[in-house]
Structure formats: C-alpha cells, structure tokens
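One structure is given here, and the rest of the page talks about it.
Chains as they are written, first to last, in my numbering: chain A, 1 to 359; chain B, 1001 to 1145.
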C-alpha cells in the first residue's frame, strides 16, 4: 500500500502568517508530529526577502509602504520576490528518508522537475532550469528555495498564474533601466504566467490537482486532505510571536550603497550590448546581471539563460562562467563573442570596484 | 586524517555526526567549531552565513549560525553548549571559505563550553570517526566528496 501524505490549502493570508506557518510546519515535521505534507498557499500583496537579505538593499521601501505591500523575511534562501493574489505558492515538508539523498542540489532538481511535470499537464511546456527556476521557453514561471533542520526539510515554489510585472519592478530594487516601457517589456521577456500562455486564467483547483498528481506519481504516495493540527497551531502561535516583529523583518541591515547597481554599454562588431549589474561589494559577488541592447542571438532565450547562470557569481568566476556557458550551448550570435559579455560586465564592475579584475 | 568516501575528517577533532559539525579544544579551554567537509559537500558552495550574536548562550544541538547555499537555508548546530565568544568574520564576509578550508580558515565560531565533560560524551573522535560517518553517508545515500 502506498504511504499517505497530507495535502493542505491554507488559503489567502498575510505574509507574516504564511511565513510563521513555514516555521511551524517544518518544526512539526522535524518532530514527527505531522506526515509529509504538500501545502498550497496564497499571499496578500507582499515583498518577501530571502533569509539572508536586507530590506534596504532589495526593496523600494517607500513604494511598499505607500501601496500597503507587506514586507517579510522568508525562512528560505534566494532573492526577494513580489507575491500577490495572482500567484500560487506550493511547498513540500518532507523527511530526508522520503528522498533517499541528503544532497541539496539533487533534491532541488528532483522536486523542481516534478513540479514542472505538473505544470506541463496543464498544457504549458515548463522545464527545470538550474539552479532554482522553472521556466517556459526561457521565461521564469516559478522560483524556488528551501530550508532544512535536522532530518526535515521544506521546499517551496511560486507559480505565476497571472502576474503584474510593472508592480514587481516597482517593489523590487532590480538592475533594470528606469521604469520605462522598455524595462517593462524587457521584464516581460523574462517572466511568464499561466494565463498568458494558456489564453485563459486556469482554475486554481485544476492547478493544484495537477501538482498533487505529479508529486503523488513521483514519490509513490497518495494525498489526503487534512487540517492544521493542534501541534502545528501551537507552533504557529509561537512562530508568529517571533516573526511578526521588526526585529525579524530587519534582522539584517545592510546599506543600499553596499550593493550598487552599475551599468555599462559597449559597441562590438556583433552589436551593442548593455549590462546592468547588481554587485555585492562586501562579498565581491555579482548578484544579478541583466543584458539588453541591440544584438542578435539565436535562440533568443540564451540571454536569459546566461543571466540565470550568472546569478550570485564571485567576481573571479564570471569570466570562466560565461565561457563555460557558451561552450555548453549551441548559439548563433552573428559576430558577437562570448568575450564581449565578459568585457561589458567588467566595464560595469569597474565603476564600483576599482580592484575588480578581469577573471 | 580519516578519509571517508573522499571526505577528509581529521582524527584530532571531535564530531557530532548527526549535526555534521566538528569541534576542537583550544589551549584556553574554549572550543572552535565548524562544518565538516561532508556537510559542505551536501550543501554545495555557501553564499551567506549569519551567526548568532556574541555573548549569547547556545545549547548543545541548537543553532550557532545559519548558512545558505543554492537557496537552501539551514542551521550549523553547536556540538556542545555554552557562551558564544567569537565568530569568524572572514566567513561572514566570504562564506565560500568554509567550502575551501572547513577545518582551518573556514571555522565558524568559538564557544566557552558550559558542560564539556558531560556533553562531549556524545561526540565521537579517533578511531570511531570513519565508521560513524560511513554509516551516516550510507543512510544519506551519499556518493562521495
């Protein structure tokens, strides 16, 4: 007989409650108080920081306050995201023995590939893109991250059902040229949502059913709907006392100036390339790069894939990573060279870090 | 130096196998602690590390530092309880140091132990290291460092 896991839908909530539930369910799974669980969740508009991020560096705080966008810190890693009613959150709470491995990257791959199959069943060609995204033809439709404690782990993802790209650009401090039509168009090339891809807004219950089926098939389990247990409720109450505080939300304070956004533009024989780079000075790491400009690359998605490959890259590593990326992909660039991308990043970095060297 | 499935595990250290951390007794009676090379291999390259505040009392098996790799966040736990007296700022500045040199430059914190004699009984050392980690790696389905 197949093992039974629980599925729970905690509905539309404020970020503070959703994050406190993350903590509560992970602790409860660790204490073996609950079965392995698939949770669905939705958010009232919120800007969610990764566990190790600072609000000043990641968010346009004034805009968030004006618009009533909640600011919260996740218990998982990764970057800041904007989450509202138009997205569906999915989370797995598992024991290590459910997975047969403790290798974090292998776990990420397995769960993301399974979620991608669930999305495919809805008629959208979703694929896992290392390290942490699910994408459709190069455009991100789901971001993911995880947390673990002892033998228990939680892995969570978003799924964009519909999406307000412009609001995301206003909430997040990301390396994009001013908030122009061009920037919005450029962001639209990088994110996808189910409604646009399908031509209609899918029913939330159909989306959930597809994900449930995919996880049931992958793990060889059956899902039964269950409520929040008294043990989880008690853990939720105490998590809320810690998380519903300024101390939690602003646990890390880092000045915005420590992560400058720098831009450079170069005319190469193969075209004009602009790079916007968010650079973490203290850690000497590129947080994020956006390329734009006037050049030809086929397939077009290669640029977005390159951006994904360059996320969170040390200042000594981006050159080798660009070259390794192009060595591993078939691409037609009409005269543009891999070294051109390295050069334009280096030129951007030279504005904020005199000692940044050519790797 | 024990070497289990390609992971170095120096035999002059104490280990908490479940928490995958090591401890060394310093000359002043404090202990230095960090992640094992095996824990590093499971995590992949660290990109962030946030320690608890100096002066805090930490219980055995409770979190002294929270680390992140590949968007996974998890705790580094205290092999014994006591007062957190020092953190390695080189690691908070450059977390990848832990992967590069987990037993040297990548140490994570120092604790003034409160109950060393009692709590260290649950740690393993010397000839037991290889057997204990072999069993853990087997349970974790781990291929090798």
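Even for Gly, the Cβ is constructed at its ideal location relative to N, Cα and C.
- Under three-state DSSP, which class holds residue 220(A)? Correct three-state label for residue 220(A): coil.
- Message: Please return the same chain residues whose Cβ sits closer than 7 Å to the Cβ of residue 422(A), not counting the five positions on each side in sequence.
- Response: A query on residue 422(A) cannot be resolved here, the shown segment of chain A reaching from 1 to 359 and no further.
- Task: Ignoring anything shorter than 3 residues or poking outside the segment 276 to 323 of chain A, list the beta strand (DSSP E) runs there in chain order.
- Result: With a minimum length of 3 residues, the continuous beta strand (DSSP E) runs that stay inside the segment 276 to 323 of chain A are 285 to 295.
- Item | residue 1142(B): contacting residues in chain A (beta-carbon distance under 9 Å) | For residue 1142(B), the chain A residues whose Cβ falls inside 9 Å of its Cβ are 101, 102 and 103, in order along the chain.
- Query: Comparing alpha-carbon positions, which option in 28(A), 40(A), 13(A) and 52(A) lies nearest residue 215(A)?
  - Reply: Selected option, being the one with the closest Cα: 40(A).
- Task: Alpha carbon to alpha carbon, how far is residue 227(A) from residue 267(A)? Give it in angstroms, no decimals.
- Result: A straight-line Cα-Cα distance of about 59 Å links residue 267(A) and residue 227(A).
- Between which two residues does the beta strand (DSSP E) carrying residue 118(A) extend? No beta strand (DSSP E) contains residue 118(A), which is instead part of the alpha helix (DSSP H) from 104 to 120.
- Is the distance from the Cβ of residue 284(A) to the Cβ of residue 315(A) below 7 Å? Using a Cβ distance threshold of 7 Å, residue 284(A) and residue 315(A) count as a contacting pair.
- Message: What residue range does the beta strand (DSSP E) around residue 265(A) cover?
- Response: Per DSSP, residue 265(A) belongs to the beta strand (DSSP E) from 261 to 268.
- Task: Give the single residue among 1131(B), 1121(B), 1102(B) and 1135(B) whose Cα lies nearest to the Cα of residue 1039(B).
- Result: Closest by alpha carbon: 1102(B).
- Message: In the DSSP output, which residue or residues are listed as bridge partners for residue 332(A)?
- Response: Under the DSSP definition of a beta bridge, residue 332(A) partners with 298(A).
- Message: Please identify the residue among 126(A), 326(A), 150(A) and 78(A) whose C-alpha is closest to the C-alpha of residue 1062(B).
- Response: The residue from 126(A), 326(A), 150(A) and 78(A) with its alpha-carbon nearest to that of residue 1062(B) is 150(A).
- Please report how far the alpha carbon of residue 1106(B) lies from the alpha carbon of residue 243(A), in whole angstroms. So the alpha carbons of these two residues sit roughly 30 Å apart.
- Query: Residues in its own chain within less than 7 Å of residue 345(A) by CB, not counting five upstream and five downstream?
  - Reply: Cβ within range, chain order: 275, 277, 289 and 318.
- Query: DSSP state of residue 1111(B), grouped into three classes?
  - Reply: DSSP places residue 1111(B) in strand when its eight states are reduced to three.
- chain B contact residues for residue 147(A), given Cβ-Cβ distances below 9 Å: The answer, in chain order, is 1072, 1073 and 1074.
- Task: Indicate whether at least one CB of chain A lies closer than 7 Å to the CB of residue 1068(B).
- Result: Chain A places a beta carbon closer than 7 Å to that of residue 1068(B), counting this residue as a contact.
- Item | Straight-line Cα distance separating residue 1071(B) from residue 312(A) | Their Cα atoms are separated by approximately 10 Å.
- Message: Between which two residues does the beta strand (DSSP E) holding residue 373(A) run?
- Response: In the structure as shown, chain A begins at 1 and stops at 359. Residue 373(A) is therefore absent and cannot be evaluated.
- Item | Runs of alpha helix (DSSP H) lying entirely within the segment 5 to 54 of chain A, each at least 4 residues, in chain order | Runs of the alpha helix (DSSP H) inside the segment 5 to 54 of chain A: 15 to 30.
- Inside the segment 1020 to 1085 of chain B only - beta strand (DSSP E) runs reaching at least 3 residues: 1021 to 1025, 1031 to 1035, 1046 to 1051, 1063 to 1069 and 1072 to 1077, all fully within the segment 1020 to 1085 of chain B.
- Query: Which one of 340(A), 23(A), 168(A) and 14(A) has the shortest CA to CA distance from residue 239(A)?
  - Reply: With distances taken between CA atoms, residue 239(A) lies nearest to 23(A) out of 340(A), 23(A), 168(A) and 14(A).
- Item | Nearest-angstrom Cα separation, counted from residue 1133(B) out to residue 152(A) | Cα to Cα, residue 152(A) sits roughly 19 Å from residue 1133(B).
- Quick one: list the residues of chain A neighbouring residue 1093(B), beta-carbon separation under 8 Å, in chain order. Correct list: 282 and 283.
- How about residue 91(A) and residue 162(A): are their beta carbons less than 7 Å apart? Remark: C-beta atoms of residue 91(A) and residue 162(A) do not approach each other more closely than 7 Å.
- Message: Quick check on DSSP: helix, strand or coil for residue 129(A)?
- Response: Residue 129(A) sits in a strand when the DSSP states are folded into three classes.
- Quick one: what does DSSP say residue 65(A) is sitting in, helix, strand or coil? DSSP places residue 65(A) in helix when its eight states are reduced to three.
- Task: With 7 Å as the C-beta to C-beta threshold (strictly closer), list the residues of the segment 1036 to 1051 of chain B near chain A in chain order.
- Result: Listed by position along the chain: 1042, 1043, 1044, 1047, 1048 and 1050.
- Item | alpha helix (DSSP H) segment containing residue 190(A), residue limits | No alpha helix (DSSP H) contains residue 190(A), which DSSP labels as neither H nor E.
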